[in-house]
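Here the structure is laid out as structure tokens; the discussion comes afterwards.
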Amino acid sequence: MESLETILKEKVNNGFDGFRLEFQPQFRAVDGSLYGAEALARFSCRGYGVVPPDKFIPVMEETGLIIPFGRWVFRKAAEQGKRWAEMNPGFQMSINMSGYQFVDPDVTDYMASILEEVGLPKENVILEITETYDISSSDEALATLGRFQTAGMRVAIDDFGTGSAGIMALKAHPFHMVKVARQFIPEPGNGKDDPFLAAISLLAHGVGAEVCQEGIETEEQYEAVRLAKVEVIQGYLLGKPVPAADFERRYLN
Ligand code: C2E
Ligand code: CA
-2 MESLETILKE KVNNGFDGFR LEFQPQFRAV DGSLYGAEAL ARFSCRGYGV VPPDKFIPVM
58 EETGLIIPFG RWVFRKAAEQ GKRWAEMNPG FQMSINMSGY QFVDPDVTDY MASILEEVGL
118 PKENVILEIT ETYDISSSDE ALATLGRFQT AGMRVAIDDF GTGSAGIMAL KAHPFHMVKV
178 ARQFIPEPGN GKDDPFLAAI SLLAHGVGAE VCQEGIETEE QYEAVRLAKV EVIQGYLLGK
238 PVPAADFERR YLN
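Going by the working numbering, the sequence shown opens with residue -2, and the numbers climb by one from there.
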């Protein structure tokens, strides 16, 4: 069988055949209303079946395919976001960005031009950048973030707490949102208050960022997270990633 790398290369060069996006809903903690969606990439092919993004994104990063692929994801998510923002004007489309996309000097320009072409206001988009990519120690990455800021694009720091660079990154750039890794969901009923999420929220709010807790799977977790005063909630309990048509039927009608 051909290697996954060879297949991914073929598929990217063949109009992104086999790739699609799913969308996971995000809700406002205060009233349960729809906040937006996170776009999550999916890939399947005959030889390998369904390949999870944790497996194919690293291959794309190693081979440089992540640059055309990241553009494709951005365009598809922006097109979907345009439709949903017309149905729900405050709708926020969150799009994952690989650290490797930062070294693409044209990244800000192409994003701005896609938004212009699609007709989606930049206020309806949030770029998610993982904390494990150490933004604050790279001049190049900081420069890219600065250009996003100048262009009015908003950025979330993703997987907050799983790396070691999150606090430095928060100090170095005015992030719009902190997405807290699910390891920090307070453990219900452990007999004492869990200080982590509360402390992360305090820090995030202190720098003017909203907090999104992701990975909520149980009612008990949901209750514990609400007590920590986060703005946005996401997780299997509230809704799993689904294809666009299902998302629209369930959450926008
Ligand atoms: P991530 O950005 O941390 O995305 C959240 C992951 O957690 C998603 O997995 C989502 O399906 C899963 N998840 C959501 N709610 C729950 C929950 O309640 N419990 C549990 N256990 N998991 C939950 P997924 O879709 O497999 O994506 C994995 C990673 O792949 C993402 O992690 C992201 O880093 C990367 N990824 C996905 N799509 C893209 C993309 O378009 N571009 C880039 N650069 N990376 C992507
Ligand atoms: Ca994410």
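Positions of the beta carbon are idealized from the N, C-alpha and C atoms, including for glycine.
Rounded to the nearest whole angstrom, the CA to CA distance from residue 239 to residue 250 is 15 Å.
The way I'd put it, the stretch 197 to 212 doesn't touch the stretch 132 to 152; fewer than three beta-carbon pairs between them come closer than 8 Å. Residues of the same chain with a CB within less than 8 Å of the CB of residue 119, apart from the 5 flanking positions on each side, are 109, 112, 148, 149, 150 and 151 in chain order.
Residue 132 is a Cβ neighbour of residue 142, given a cutoff of 8 Å.
Taking residue 164 as the centre and dropping the five residues before and after it, the same chain places no C-beta closer than 7 Å to its C-beta. Where residue 38 is concerned, the enclosing beta strand (DSSP E) starts and stops at 31 to 42. Look at the beta carbons and you see the stretch 220 to 229 touching the stretch 170 to 186: at least three pairs across the two are nearer than 8 Å.
Using a cutoff of 7 Å, the CB of residue 93 counts as near ligand 1, since one of the ligand's heavy atoms is closer than that. Straight through space, the alpha carbons of residue 17 and residue 31 are spaced by roughly 23 Å. Around the Cβ of residue 22, a 10 Å sphere holds 16 or more other Cβ atoms; the residue is buried. Proximity of the beta carbon of residue 35 to ligand 2 is indicated: a heavy atom of the ligand is located closer than 7 Å.
In this chain, the alpha helix (DSSP H) harbouring residue 106 covers 104 to 115.
The beta strand (DSSP E) runs lying completely inside the stretch 119 to 181 and spanning 3 residues or more are 122 to 127, 151 to 157 and 174 to 177, given in chain order. When secondary structure is reduced to three states using DSSP, residue 227 falls in the coil class, being assigned neither helix nor strand. Contact annotation, residue 205 with residue 232: C-beta distance approximately 25 Å; criterion of less than 8 Å not satisfied. Annotation: residue 104 to residue 207 spans about 25 Å, alpha carbon to alpha carbon.
Following the DSSP letters along the chain, one finds residue 92 inside the beta strand (DSSP E) bounded by residues 89 to 94.
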